[in-house]
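Counting from 1 along the sequence shown, just add 476 to a position and that's the residue number in my numbering. Ideal placement from N, C-alpha and C gives every residue a C-beta, glycine not left out.
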Amino acid sequence: MRSAKVGGVLAALILAVVVIGCNVFSSTAQPALNTQLLWYGQSAFKLTTPSGKVLLIDPWLTNPVNPTGKADLAKLDRADLILITHGHFDHVGDATAIAQKTKAKLVSTADLGQALVAYGSYPKDLVGLETQGNFGGELTLLNGDVKVAFIPAVHSSAVASDGSPAQYAGNPGGFLISVKNGPVIYHTGDTDLFQDMTLIPRFGKVSLMLACIGDHFTMGPTRAAEAVKLVNPVTVIPMHFGTFPALTGTPEAFAQALRQQGVKSQLRVMKVGEAIKL
477 MRSAKVGGVL AALILAVVVI GCNVFSSTAQ PALNTQLLWY GQSAFKLTTP SGKVLLIDPW
537 LTNPVNPTGK ADLAKLDRAD LILITHGHFD HVGDATAIAQ KTKAKLVSTA DLGQALVAYG
597 SYPKDLVGLE TQGNFGGELT LLNGDVKVAF IPAVHSSAVA SDGSPAQYAG NPGGFLISVK
657 NGPVIYHTGD TDLFQDMTLI PRFGKVSLML ACIGDHFTMG PTRAAEAVKL VNPVTVIPMH
717 FGTFPALTGT PEAFAQALRQ QGVKSQLRVM KVGEAIKL
């Protein structure tokens, strides 16, 4: 009888150890299936996929509203892709320096890619057909980890360096980024409101819209709210505001415009340097 009790206790202890061991293994060995988004200010974002791939969008890390910009640039040791919406300095930003360090391939329109190689010193070997496209096209990248569709924008685009005259860099645009096991993100780039935004959600629900609201060079809060109504994302995050005095649009004015126009999307205002899980 006693041996039976001892045997039962031992069996229970063994089962407990096995259960605890499985729980420890599952919590440490399996990566969290989250997509992470970090805002550096202006239109610069770092997107990390659930599998750990890193995409940088309009990577001006050292912009005036990012107090840790130089440190962020120095410690950045991985980027798989750099996505650039158009050729203006506040969107090209630190792309060349990052590419030289990380060997990140450039995702852009073909015209912009050629201009960045010729006038922006972007490494030519990192600008290839597999990551260059044009509006209406979609690229499947990083072994299917992400898809990037090229979306038009109403703006301008030119590349300039070292005080030289600006060089035409094709048409400006935005990106629709579909993450495997993650969200669908629309980065507007610099743009005005345009009616064809209504076409974007016809091909799939947009989880998150990164919308410029600064005014002066892009749509301001009122027109940006109308753009959100057309795209109808689950969530919208404002960007491209407050970096310079001319960019007078504010998240507060944007929030008011969204309410006035009856927009159902959730507003999320990020802080510079903040990272969120999607």
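C-alpha distance - residue i paired with residue j, whole-angstrom precision
i, j, result
"ARG678", "LEU684", "15 angstroms"
"LEU743", "ASP666", "19 angstroms"
"PRO628", "PRO648", "7 angstroms"
"VAL530", "PHE730", "29 angstroms"
"ALA625", "THR544", "31 angstroms"
"GLY759", "LYS600", "Because the chain here runs from 477 to 754, residue 759 falls outside it and cannot be looked at."
"HIS663", "ALA580", "19 angstroms"
"VAL748", "LEU557", "21 angstroms"
"ILE560", "PRO535", "8 angstroms"
"LYS577", "ARG735", "44 angstroms"
"SER502", "ALA636", "Caution applies to SER502, whose pLDDT of 35 falls short of 50 and renders its modelled position unreliable; the model cannot decide the point."
"ASP469", "THR572", "Not covered by the structure: residue 469. The range shown for the chain is 477 to 754."
"PRO714", "LEU686", "6 angstroms"
"SER633", "VAL583", "16 angstroms"
"VAL712", "MET746", "10 angstroms"
"GLY680", "GLN732", "27 angstroms"
Beta-carbon contacts of residue i that lie in its chain and below 6 angstroms, excluding the five residues immediately before and after
i, result
"GLY690", "HIS716, PHE717, LEU723 and GLY725"
"TYR761", "Outside the modelled stretch of the chain, which goes from 477 to 754, sits residue 761, for which no answer is possible."
"LEU623", "The sequence given here has Lys at residue 623, not Leu. Excluding sequence neighbours, LYS623 sits near GLU614, THR616 and SER654."
"ASP548", "LEU537"
"ILE752", "LEU513"
With 16 other Cβ atoms within 10 Å as the buried cut-off, status of residue i
i, result
"LEU537", "buried"
"GLN518", "buried"
"GLN608", "buried"
"SER640", "exposed"
"PHE565", "exposed"
"LYS522", "buried"
"ALA700", "buried"
"LEU675", "exposed"
"GLY604", "exposed"
"GLY620", "exposed"
"PRO709", "buried"
"PRO721", "exposed"
"HIS692", "exposed"
Neighbourhood of residue i by C-beta distance below 8 angstroms, restricted to the same chain and skipping five residues each side
i, result
"PRO771", "Any answer about residue 771 is impossible in this case: the structure gives the chain only from 477 up to 754."
"PRO671", "First, the amino acid is wrong: residue 671 is Gln here, not Pro. If we look at GLN671 and ignore the five residues flanking it on each side, its Cβ neighbours are LEU706."
"THR719", "GLY517, GLN518, ASN539, PRO540, VAL541, ASP566 and GLY690"
Enclosing beta strand (DSSP E) for residue i [first to last residue]
i, result
"GLY650", "649-655"
"LYS600", "Note, LYS600: premise wrong, no beta strand (DSSP E); not H, not E."
"THR711", "711-715"
Residue i - containing alpha helix (DSSP H), residue span
i, result
"GLU728", "727-736"
"PRO697", "697-707"
7 angstroms Cβ shell around residue i - same chain, five flanking residues per side excluded
i, result
"TYR598", "ALA571, THR572, ALA575, LEU582 and LEU592"
Practice item. Report yes or no: do the region 659-667 and the region 583-594 share at least 3 C-beta pairs separated by less than 8 angstroms? Key: no
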